[in-house]
Amino acid sequence: MILQSVLILGGVGFTFAILIALANKKLKVWDDPRIEAVAEMLPQANCGACGLPGCRAFAEAAVAGTVAPAKCNVMNPEGIAAVAAYLGVEAGAIDRKVARLRCAGGTDVAVQQAEYRGLPSCAAAAAVAGGGKGCTWGCLGLADCKVACSFGAISMNAQGLPVVDLATCTACGDCVTACPKDLFVIMSESQHLFVQCRNLIAGDDVLAQCRVACTACGRCVQDAAPGLISVASGVAIIDYDAALLADPRAIARCPTQSIVWLEGVQFAEARPAERSMSA
Amino acid sequence: MLESLGFRHGVHPPEHKERTAALPIRRMPFPDEIVLPLRQHAGNPARPVVKVGDHVERGDKVAEADGFVSVPIHASAAGTVADIDWWPHIDGTSAMAVRLTVDPHAIQLPRPRVIPHWEGLTPAQVIQAVQDGGVVGLGGAAFPTHVKLSPPREFAVHTIIINGAECEPYLTSDHRTMAEMPGRVLAGVRIMMHVLGVKRAVVGIERNKPDAIAAMQAACPTDLDITILPLTVKYPQGAEKMLIEAVTGVEVPSGKLPVSVGVVVQNVGSAAAIAEIFETGLPLIERIVTVSGDGVRKPGNLIVPVGTKLIDLLDVCGGLAPDAAEVIIGGPMMGVAQANLDAPVTKGTTGVVVLTTASMRGETVYPCIHCGRCLDACPVFLNPSLLGDLARKQRYDAMAELHLADCMLCGSCSYVCPSNIPLSQQFAFSKAALRKRAGAGAPA
Chain A
1 MILQSVLILG
11 GVGFTFAILI
21 ALANKKLKVW
31 DDPRIEAVAE
41 MLPQANCGAC
51 GLPGCRAFAE
61 AAVAGTVAPA
71 KCNVMNPEGI
81 AAVAAYLGVE
91 AGAIDRKVAR
101 LRCAGGTDVA
111 VQQAEYRGLP
121 SCAAAAAVAG
131 GGKGCTWGCL
141 GLADCKVACS
151 FGAISMNAQG
161 LPVVDLATCT
171 ACGDCVTACP
181 KDLFVIMSES
191 QHLFVQCRNL
201 IAGDDVLAQC
211 RVACTACGRC
221 VQDAAPGLIS
231 VASGVAIIDY
241 DAALLADPRA
251 IARCPTQSIV
261 WLEGVQFAEA
271 RPAERSMSA
Chain B
280 MLESLGFRHG
290 VHPPEHKERT
300 AALPIRRMPF
310 PDEIVLPLRQ
320 HAGNPARPVV
330 KVGDHVERGD
340 KVAEADGFVS
350 VPIHASAAGT
360 VADIDWWPHI
370 DGTSAMAVRL
380 TVDPHAIQLP
390 RPRVIPHWEG
400 LTPAQVIQAV
410 QDGGVVGLGG
420 AAFPTHVKLS
430 PPREFAVHTI
440 IINGAECEPY
450 LTSDHRTMAE
460 MPGRVLAGVR
470 IMMHVLGVKR
480 AVVGIERNKP
490 DAIAAMQAAC
500 PTDLDITILP
510 LTVKYPQGAE
520 KMLIEAVTGV
530 EVPSGKLPVS
540 VGVVVQNVGS
550 AAAIAEIFET
560 GLPLIERIVT
570 VSGDGVRKPG
580 NLIVPVGTKL
590 IDLLDVCGGL
600 APDAAEVIIG
610 GPMMGVAQAN
620 LDAPVTKGTT
630 GVVVLTTASM
640 RGETVYPCIH
650 CGRCLDACPV
660 FLNPSLLGDL
670 ARKQRYDAMA
680 ELHLADCMLC
690 GSCSYVCPSN
700 IPLSQQFAFS
710 KAALRKRAGA
720 GAPA
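Respectively, the protein sequence lines represent chains A and B. So the first sequence is residues 1 to 279, counted in my numbering. So the second sequence is residues 280 to 723, counted in my numbering.
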């Protein structure tokens with residue numbers, strides 16, 4: 001009796017074991033073992049800043065050779081070199097991207113027209129009379145971007161402006177989505193010339209709202225290489241396709257320091273004394 | 280006899296209408312400067328047709344409609360175009376605006392003009408005249424009126440409902456319009472019935488305006504089927520879908536337009552504005568605005584040129600009281616607090632309410648206790664408590680699945696919340712976030 005059931009069950013088990021073994025041989029999908037290895041080396045942040053859906057997809061693309069290891073925005077140069085060495089490919093040009101804020105209107109320079117009381121969130125404040133800031137384009141300083149940043153790269157400074165820590169920023173773009181005023185842009189860290197203003201009002205009237213607003217005076221256009229900077233609808237616009245021509249001379253005569261030459265973190269040092277307006 | 284059927288849910292906020300309900304409409308003097316934002320209506324902003332330095336007479340067109348869902352904008356006073364540039368807008372952004380320096384010596388009479396006779400025009404011509412007159416819904420949303428008068432062919436409209444509910448606290452502009460010029464409102468109704476080929480019209484008025492009901496009933500023509508229907512007093516009865524339910528007993532399906540149940544709703548002010556086009560030939564260049572609240576010294580119902588800066592309007596009303604704390608455009612339930620009193624009155628501005636600290640509720644927000652009062656208040660049967668939780672977690676997609684789109688931001692949930700949770704504000708920015716995601720982009 002017992003022997004019978006042992007034989008039946010054993011036989012069934014053995015038959016299926018052979019079937020599975022055969023299927024494993026016949027239907028096997030060959031998976032490049034390097035994908036798993038590269039995925040292990042990647043930061044596993046799954047931030048999507050590279051444009052691919054997560055680190056595993058990046059690993060597949062890197063092994064297939066369709067993406068250079070340097071495209072990963074989160075890894076440090078050593079990590080990129082390690083991946084490149086493992087795969088035996090060129091690391092590619094490291095072009096780190098970071099988030100930059102198109103506003104420098106902190107509480108010390110920008111006028112607050114009305115007091116906002118309500119939910120401590122930029123999106124909520126923007127839905128009520130634009131948040132009460134004199135400049136309707138400017139940063140509200142209620143830190144929606146800081147909350148949105150999953151890497152803890154954003155901190156608020158004493159003037160109520162978000163400071164992006166370049167080492168931790170992965171350029172994932174969460175702050176770009178979170179900002180109700182659309183102030184964040186993702187750009188290469190190697191681009192130094194930057195306009196820290198979105199205010200579209202041209203002329204000195206805007207200075208009543210914010211001391212560091214772009215007045216669209218056009219001095220930077222004259223000082224920069226031809227075609228690099230243009231002034232359109234009240235604000236200076238840099239053509240980053242021509243950015244090789246960028247040069248710190250462009251910011252020399254800016255009366256409001258709204259165009260800046262960034263070497264590192266935005267709003268890093270204390271604001272220098274106000275420059276003469278007649279420059 | 281038609282009976283008001285009412286609608287379910289809703290709230291009963293204190294009305295505060297006694298300050299201005301009995302005050303006759305008065306005309307305010309022309310201000311020194313008029314600011315006409317190009318974006319005053321739902322749809323495409325108007326395109327300016329004047330340039331700096333041009334002289335315009337009162338009633339001249341300064342900007343033309345850009346497409347069908349758009350209306351032109353006319354000068355509300357004679358003067359010179361000083362500037363076409365960014366200017367603070369009452370929605371809290373900046374908008375392109377035509378700024379006029381008003382000529383202090385002008386007699387402010389419009390140019391000689393031909394006044395069309397609507398009986399001799401085809402419906403399409405009347406609709407064109409309404410668009411040319413720049414008429415929009417004067418109840419607050421500022422949706423172009425001529426679009427509502429051109430319903431898609433597949434819908435058979437059987438009833439026009441005229442919205443005289445005015446359920447927002449403090450506001451009395453529609454009340455005074457009906458009490459003082461019932462003839463003009465009903466003339467507008469007659470024109471709309473002609474345009475839409477509709478046999479039946481109902482004017483819904485809340486019972487807290489007995490003089491308006493009496494005046495409208497007395498002026499009601501006998502040759503048309505127009506019913507003046509007194510409604511029980513409840514907020515938000517003036518919301519389009521609530522009013523349709525109260526008058527016809529039919530619920531407009533979620534996501535559908537009123538026209539899908541054969542109804543077109545127009546505000547009493549819009550009806551009067553349509554009548555005015557065929558009475559005086561003047562486009563929509565002024566509107567009746569209620570200025571009220573504890574924080575304003577001399578409240579009243581004023582005829583205000585569109586584009587008058589809030590500060591000028593408040594000056595005419597005796598200025599702000601020393602303890603004034605908050606200036607709201609619209610009523611306290613749905614209105615938006617203002618940051619900049621240089622922003623101008625637009626076509627959709629129903630009232631300006633100034634609150635003092637004493638008349639405002641505490642600001643401390645407590646956690647949700649799941650009492651369910653917001654569910655009993657919500658007129659569109661949403662779950663504000665759950666939606667509020669999701670908004671806090673920025674789970675906007677989940678909110679969309681729970682029919683956030685049906686929320687009209689009436690504020691009933693915030694009003695009843697014992698924990699002071701600003702629910703409707705959360706919904707306002709959640710809707711903005713969803714719009715941004717949908718790629719429509721924030722208005723510039």
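Glycine included, every Cβ here is placed at the ideal spot set by N, Cα and C.
Our two residues, G534(B) and G476(B), have alpha carbons roughly 26 Å apart in a direct line.
Not a single CB atom of chain A sits nearer than 8 Å to the CB of P293(B).
Chain-order list of chain A residues neighbouring E642(B): R117, by C-beta distance under 7 Å.
Contact annotation: in the region 529–553 of chain B, no residue has its CB less than 9 Å from a CB in chain A. Taking one beta carbon from each stretch, the region 609–621 of chain B and the region 336–343 of chain B have fewer than 3 pairs nearer than 8 Å; the two do not touch. Residue nearest to A178(A) within the set G88(A), S150(A), D205(A) and N199(A) is S150(A) (criterion: CA-CA distance).
When rounded, the separation of the alpha-carbon atoms in E605(B) and G541(B) is 41 Å. Using a Cβ distance threshold of 8 Å, E447(B) and G517(B) count as a contacting pair. Bounds of the beta strand (DSSP E) holding A236(A) are V235 to I238. Excluding residues up to 5 positions away in sequence, K146, P162, V163 and D165 lie with their Cβ nearer than 8 Å to the Cβ of S155(A) in the same chain.
Residue state for Y449(B) is assigned as coil, using DSSP reduced to three classes.
Here the alpha carbons of Q319(B) and D676(B) stand approximately 30 Å from one another. DSSP places D108(A) in no alpha helix (DSSP H); its state is neither H nor E. Of all residues in the region 192–214 of chain A, those with a C-beta nearer than 7 Å to a C-beta of chain B are L200 and I201, reading in chain order.
When only Cα atoms are considered, I648(B) and C689(B) end up about 22 Å apart. Against chain B, the CB of G138(A) has no partner CB under 8 Å away; the residue lies outside that interface. Rounded to whole angstroms, the separation of the alpha carbons of G598(B) and I229(A) is 47 Å. The alpha-carbon of I582(B) is positioned some 13 Å away from that of L593(B). Taking a C-beta cut-off of 8 Å against chain A, the contacting residues of the region 371–386 of chain B are G371, T372 and S373, listed in chain order.
Nearest C-alpha to V538(B) among H334(B), V547(B), C686(B) and E519(B): E519(B).
A straight line joining the alpha-carbon of R576(B) with that of R298(B) spans about 11 Å. According to DSSP, residue pairing for V633(B) in a beta bridge involves V606(B). Sequence-distant partners of A114(A) (beyond 5 residues in either direction) whose C-beta falls short of 6 Å from its own C-beta, in its chain, are G132. Closer than 9 Å at the C-beta level to chain B, one finds these residues of the region 169–187 of chain A: T177, A178, P180, K181 and D182. Proximity of A123(A) to chain B, defined by a Cβ-Cβ separation below 8 Å, is satisfied. Residues of the region 600–619 of chain B with a Cβ closer than 7 Å to any Cβ of chain A, in chain order: V615, A616, Q617, A618 and N619.
W261(A) is bridged by DSSP to L193(A).
Per DSSP, G358(B) is one residue of the beta strand (DSSP E) stretching across G358 to P367. Taking the Cα of V67(A) as reference, the smallest distance to any Cα among G92(A), P53(A), N76(A) and P77(A) is reached at G92(A). Per the DSSP secondary-structure output, I352(B) pairs in a beta bridge with A342(B).
Between the alpha carbons of P623(B) and L563(B) lies a distance of about 15 Å. Every alpha helix (DSSP H) stretch that sits fully inside the region 88–147 of chain A and reaches 4 residues is listed by chain position as 122–127. Within the DSSP bridge table, the entry for N199(A) names no partner. Bridge partners of H334(B) according to DSSP: T359(B). In this structure, V631(B) is the residue among V631(B), F557(B) and G528(B) with its C-alpha nearest to the C-alpha of P578(B). Excluding sequence positions up to five before and after R306(B), its CB lies within less than 8 Å of the CB of L581 and I582, all in the same chain and listed in chain order.
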